[in-house]
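These notes concern the structure reproduced below.
Chains as they are written, first to last, in the numbering used here: chain E, 1 to 547; chain C, 1001 to 1168; chain V, 2001 to 2243; chain W, 3001 to 3181.
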């Protein structure tokens, strides 16, 4: 496919879409599906039948999961749309009857609230709007423009330069500059190279990657193809959790469609560039989010990490240079290429460019998925966008970064959200889970919960992580039961230091973070649980025996 | 010179072995197809038993201990038959904060099984999941494929009893 | 084992280990260079002649400049490196790791066939472990004595995987592997079947010779009687990896 | 000996152990005489005194903490001894007595008092201290100042430790002994 063909197709689809008087989109992401969205879509479809004036289609995540199932209605020639919440199949008649008429007040979900108004969408720009199962929808939304343009008009080095100019950093948690990683793989000699999309989103409380894959899978495919072109790879893998059946299904469909359109496969756009993508399913192992473990799993083995160096960029899958980026990182690539790295670099802060997708959950009114510019304050996210803590309860802490991150108390709410600031105060950006806690949560118990997670997910290879997480969990459980002593607390802190310094991979190295951050910001909660908090023994000296 | 090993015969004449062979053939009987193949076996039979692991190992030319090692590394693979009904309780952070522990306790007191266990009559398997991604509906569980949100112990037990009744 | 470059490409680098100037081939690891120069770095999973596993973390060393910690077994020597092998911090960390091992399974030395010849026991002395501060984990593992000549006592296994690697890389049988994950890891033979029933095991006994503790032993040995001899390994490894 | 020394008071006890460590102490042979010049053994299974004095310089504990009585004694020693030493592997790491931790206490008692007994099997409740659920090393229940591993620690090691202490230095037992030695 060439650029003019692509544009032609885009125009055609846009015109067809505009032929409809009304477009009704039903959020078909996992959360709305579990509230009954499929029945709503089915009911609307059966009632509209072949009607030409009304287009009903499923769409990706609309963000406000707490209010699902969500349905969005738009009218030709009018920019504003109407969002309905808590829709059931029985509401279909009412909904269709009101098309073009007054808004149904009982179902109306106002979109001028900060939850929607304060967001800035790049990764999720198509999410909730296009039908993820139709490649034409993606193309009509400027999809694959970047890829076709890059292949026909840009050199790999030029693609790399745009990514460099964007300042994009890896969204999987570490925040490593994407361009640097790409450049390393690009520089490696050899014909065989791989691009891997890490969709093994394992943080409990994070579902950003799933939402992107379910809502806009072509964006990830385009990002991978651009990455492959830049680094000189011809084969790609998406390593996705088997727990995400819907994401797998949509991604499979998307790959098939892209291949059919000649956007994947041999000699794409009649150039020398060939690229295909295979899906590999995870099988329930959090550690496979770690790059070397993920590769071991793709190779068909136990997902155990190996020492780095050599880094995957030098010696990765089957020993070949391999680029690994996570879903959100790759999803940022098409808009960066389309609008230029300089444009992307205007968003966010000096060292953290662009936007970040967060999954809001826990004791917060507006649970759901949001995308905000880097540098926004935690307070804005939790209170303005998230709507604060429900049931008149008091905010206590916000947890970011999952089992590798930390809990931050109220005093840090005015800090800007970026990689470096969060790290300075003892948490991390992580992949984007954000859990809000009120005073009903015991921080010792929260630390114990995350440690239990790390213990269960430790691969067992290196001793500090295997045995250290077990011992830390035992100590935390003992303290939580009120049976701990000052000595236990000291031992816990020593273990935290050893495990983070000596573990083989990121899982072990960051496993103590939830403990360290709660000890740092909520130490009092540990101390009141200690048995001997009032009678801590004084150290004993050697006897004075010599005269 | 690579020694050609004889193509192993399936453990019995169950038709599902043909489907498993298709998966392996599509991957060129490469050793890296192990996890894909085990997924297929798990999907078709519900668990991985010894004859299955033997067959997969022989077909892909892999050591038995490696197949066993991989089968026991990943939590989605089970070496024991699962119950007729499954209840997956989400233990992600959001669900934990909102009371997943009570759901687990409810299953324990009502059915006498922990997460990862199956009732002796093979009626119900309880499984823990690290976040099913329904954080907005916490605490959540999946009973026989149906996601249930904002659960209480009573509602969960009622749902399980309902699917058990319907099956009989 | 790390891939070795061909002779023509090899460069020689100079580095400092504990303030001592040493030279090395650039395809050598810090651990290899240290050993050549008689500088002892504690290690458990590493064995010259087998692939690098990098799991015991005892051979971690510190860079003098940025205080970064790296594993000596998997980090190559480089020009200008300044390596410290026994900083206070490293001593403290190593001590804790050995304690974690002692607490993990049943390592009662007094009644062990390897008493007096055990690498874990020696590491305790070397790393200053005179007692174990973390609570002992009291999980029971079985003893498999089904093999004609050998016995495996999982209670004494430290999961260094030397047996797995030597069986796979040198003997070529791959009878051993790891099962499970985390604290539930265990070495297994075939489909987790009694060792004596294994069809893949050739009975060569290399695994027994390489076991650092009292986990893999010969039948008929009593407390303190188990002797080992792994001298065969460098030669066999060279023969295996010869072009 | 250049300066006259104050005589050091020392107490020893054995908890759950085989008394081998005490035998090893006696095995320092003729050095016992030298020891007696500097040290008063004020309480020990080896001497007559049966009352632990209020304040003792050095306490030596052999054996692990397996019963309520062991626990009581360990605490008593900690209370009255300024410098407490775990002597031998049982005290240091639980050792052989600690191997019962791999079984539930009830199973251990059944094995000892019911399964292998023909006549009138019963678990004794009077005249013997109650067993603790878990056998612990001494430092699992009280703070310990020095650890002397070994099963038993060799006489030379014990002599090294004691003579260093007498000389006012802190000994390093790992120079002379180890686990299982």
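Even for Gly, the Cβ is constructed at its ideal location relative to N, Cα and C.
Name, going along the chain, the residues of the segment 461-481 of chain E whose beta-carbon falls closer than 7 Å to a beta-carbon of chain V. 461, 462, 463, 464, 466, 467, 468, 470, 471 and 474
Going by C-alpha distance, which of V:2241, V:2156, V:2203 and V:2221 is nearest residue 2211 of chain V? Check the Cα spacing between residue 2211 of chain V and each of V:2241, V:2156, V:2203 and V:2221: the tightest is with V:2156.
Under 7 Å by beta carbon: chain C residues contacting residue 2178 of chain V: Neighbours of residue 2178 of chain V in chain C, taken as residues whose beta carbon is under 7 Å from its own, are 1069 in chain order.
Beta-carbon neighbours of residue 2106 of chain V, restricted to chain W and to distances below 8 Å: 3099 and 3102
Do the CB positions of residue 135 of chain E and residue 10 of chain E come within less than 8 Å of each other? no
Use the C-beta contact count for residue 2109 of chain V: other C-beta atoms within 10 angstroms, 16 or more gives buried, fewer gives exposed. buried
Against chain E, which members of the segment 2165-2191 of chain V pass a CB distance test of less than 8 Å? 2178, 2180, 2181, 2182, 2183, 2184 and 2185
Alpha helix (DSSP H) runs contained entirely in the segment 2087-2141 of chain V, provided each spans 4 or more residues: 2088-2104 and 2119-2126
Is any beta-carbon of chain W found at less than 8 Å from that of residue 2001 of chain V? Low confidence applies here, because residue 2001 of chain V scores a pLDDT of 45, under 50, leaving its location unreliable; read the following figure in that light. No, residue 2001 of chain V does not count as interfacial toward chain W.
Pick helix, strand or coil for residue 2022 of chain V, following the three-state DSSP scheme. strand
For a contact meaning CB atoms closer than 9 Å, what does residue 2115 of chain V contact in chain W? 3151, 3179, 3180 and 3181
Are the C-beta of residue 3086 of chain W and some C-beta of chain V separated by less than 8 Å? Taking Cβ atoms only, chain V reaches closer than 8 Å to residue 3086 of chain W, which makes this a yes.
Quick one: using the 10 Å Cβ neighbour count with 16 as the cut-off for buried, is residue 355 of chain E buried or exposed? buried
Under 8 Å between C-beta atoms of residue 442 of chain E and residue 508 of chain E: no
Using a C-beta cutoff of 8 Å, does residue 2086 of chain V count as contacting chain W? no
Distance CB(residue 60 of chain E)-CB(residue 211 of chain E) smaller than 8 Å: yes
Could you give the DSSP three-state label for residue 407 of chain E: helix, strand or coil? strand
Please identify, using Cβ separations under 8 Å, the residues of the segment 3060-3092 of chain W that lie next to chain V, in order along the chain. 3086, 3089 and 3092
How close, in whole Å, do the beta carbons of residue 3101 of chain W and residue 3142 of chain W come, if the pair is a contact with beta carbons under 8 Å? At roughly 19 Å, the Cβ-Cβ gap does not stay under 8 Å, so residue 3101 of chain W and residue 3142 of chain W are not in contact.
Candidates V:2011, V:2009, V:2050 and V:2065: closest to residue 1957 of chain V by CA position: Residue 1957 of chain V cannot be examined here, being either before or after the span of chain V that is shown, 2001 to 2243.
Residues that DSSP places opposite residue 239 of chain E in a beta bridge: Note: residue 239 of chain E sits in a beta bridge opposite E:198 and E:280.
Where does residue 2130 of chain V land, buried or exposed, given buried means 16+ other C-beta within 10 angstroms? buried
Specify whether the segment 258-266 of chain E and the segment 171-180 of chain E touch according to this definition: at least 3 beta carbon pairs, one from each stretch, less than 8 Å apart. no
For chain E, find out if any of its Cβ atoms is closer than 8 Å to the Cβ of residue 2135 of chain V; answer yes or no. yes
Three-way DSSP call (helix, strand, coil) for residue 1090 of chain C in this model: strand
Buried/exposed call for residue 271 of chain E, threshold 16 Cβ in 10 Å: exposed
Helix, strand or coil: how does DSSP classify residue 69 of chain E here? coil
Let's see if you can read the secondary structure: which residues bound the alpha helix (DSSP H) around residue 187 of chain E? 178-187 is the extent of the alpha helix (DSSP H) around residue 187 of chain E.
Opposite residue 84 of chain E in the DSSP bridges: which residues? E:71 and E:108
DSSP bridge partner residues for residue 1118 of chain C (one or two, in chain order): DSSP output for residue 1118 of chain C lists C:1125 as bridge partner(s).
Could you check if residue 186 of chain E is buried or exposed, using at least 16 other CB atoms within 10 Å of its CB as the buried criterion? buried
Beta carbon proximity, residue 2057 of chain V to chain E, threshold 8 Å: yes
Please state the DSSP three-state secondary structure of residue 2948 of chain W. Residue 2948 of chain W lies beyond the stretch modelled for chain W, which goes from 3001 to 3181, so this question has no answer here.
Using a cut-off of 7 Å between C-beta atoms, extract the partners of residue 3094 of chain W located in chain V. Near residue 3094 of chain W (Cβ distances below 7 Å), the residues of chain V are 2136.
Among all the DSSP beta bridges, which residues are the ones paired with residue 3010 of chain W? W:3041 and W:3058
Proximal residues of chain C, C-beta to C-beta of residue 390 of chain E below 8 Å: The premise fails here: residue 390 of chain E is roughly 11 Å from chain C at the closest Cβ pair, so nothing lies under 8 Å.
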